[in-house]
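Start counting the sequence shown at 1; every next residue gets the next number (full-length UniProt numbering). The block underneath contains the structure these notes are about, expressed in structure tokens.
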Amino acid sequence: MWIFHRLSNRVSRNMSYVEHMKSSRFCIYPMGYKVNNPRIVESIYYDYIPVIIADNFVLPFEEILNRSSFSVVLSEKDIAELKNVLLSIPLRRYLRMQECVRRVQRHFLWHARPEKYDLFHVILHSIWYSRLKQIKNATLPLFIFCFFFTFFTLCVVLCVCVCVCVFMHVYVCVCV
Numbered sequence: 001m002w003i004f005h006r007l008s009n010r011v012s013r014n015m016s017y018v019e020h021m022k023s024s025r026f027c028i029y030p031m032g033y034k035v036n037n038p039r040i041v042e043s044i045y046y047d048y049i050p051v052i053i054a055d056n057f058v059l060p061f062e063e064i065l066n067r068s069s070f071s072v073v074l075s076e077k078d079i080a081e082l083k084n085v086l087l088s089i090p091l092r093r094y095l096r097m098q099e100c101v102r103r104v105q106r107h108f109l110w111h112a113r114p115e116k117y118d119l120f121h122v123i124l125h126s127i128w129y130s131r132l133k134q135i136k137n138a139t140l141p142l143f144i145f146c147f148f149f150t151f152f153t154l155c156v157v158l159c160v161c162v163c164v165c166v167f168m169h170v171y172v173c174v175c176v
């Protein structure tokens with residue numbers, strides 16, 4: 001049984017991996033044996049629509065991102081219909097989804113100085129949101145404790161980031 005076949009003659013063998021990625025319209029993202037597969041981030045980075053083939057899959061930053069606006073989700077039992085599903089997407093909807101992918105990109109980018117809604121900001125929001133979900137059904141004293149604990153944790157994270165930035169600024173000034 002062949003798992004890998006030869007590339008068709010229509011596919012250039014002289015193209016790099018990145019060139020193949022940039023010339024694609026969709027990226028198939030099957031649920032594998034590990035959760036942290038980079039394919040979905042690659043698809044967002046290279047401006048193409050992720051096609052998620054999984055049941056009960058939780059997308060990174062699910063509480064912030066509306067995955068139906070920029071991806072195609074297909075149940076594992078419907079994998080035989082993959083080609084028909086992708087061919088049935090009208091050009092107008094595809095372009096709208098691709099525009100949404102471009103808007104989502106900023107949430108996956110890391111900057112030396114954190115920018116609003118970049119990866120740093122979204123990770124902090126995700127921590128805060130998951131903490132809120134944990135304490136949603138808690139009693140009032142536990143809620144107050146968790147609120148202050150979360151606030152303290154975020155303050156510590158921000159203080160560490162500020163200290164690193166100040167240290168880097170002082171280090172750069174001393175070196176110059």
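Ideal placement from N, C-alpha and C gives every residue a C-beta, glycine not left out.
Outcome for residue i when other beta-carbon atoms lying within 10 angstroms are tallied against a minimum of 16
i    : result
V101 : buried
S130 : exposed
I3   : Per-residue confidence for I3 stands at a pLDDT of 38, beneath the threshold of 50, marking its modelled position as unreliable; no derived number is given.
M97  : buried
R67  : buried
S23  : exposed
S43  : buried
C-beta contact flag for residue i and residue j at 8 Å
i    : j    : result
L59  : V104 : no
I49  : E76  : no
V41  : V72  : no
Y46  : F108 : no
R106 : Y117 : yes
F26  : L86  : yes
S126 : F61  : yes
Distance between residue j and residue i (C-alpha atoms, nearest Å)
i    : j    : result
F152 : D78  : 46 Å
V157 : R92  : 43 Å
L74  : P30  : 9 Å
T150 : K136 : 13 Å
W110 : V122 : 10 Å
P90  : E63  : 28 Å
S16  : C159 : 42 Å
F70  : C155 : 33 Å
A80  : S88  : 14 Å
F120 : E19  : 29 Å
M21  : E115 : 27 Å
D55  : R113 : 37 Å
E99  : K133 : 31 Å
L82  : R39  : 18 Å
I28  : N84  : 14 Å
Limits of the beta strand (DSSP E) - the one that residue i falls within
i   : result
I52 : 49-53
I28 : 26-30
V73 : 72-74
Residue interval of the alpha helix (DSSP H) (run including residue i)
i           : result
Y95         : In the sequence on display, residue 95 carries Leu and not Tyr. Counting along the chain, the alpha helix (DSSP H) containing L95 begins and ends at 91-104.
Y45         : 39-45
V85         : 82-87
residue 184 : No answer is possible for residue 184: it lies beyond the span of the chain, which begins at 1 and ends at 176.
E19         : 17-22
Residue i beta carbon near the ligand ZN (any heavy atom closer than 7 Å)
i   : result
I52 : This structure does not include the ligand ZN; it has no bound ligands of any sort.
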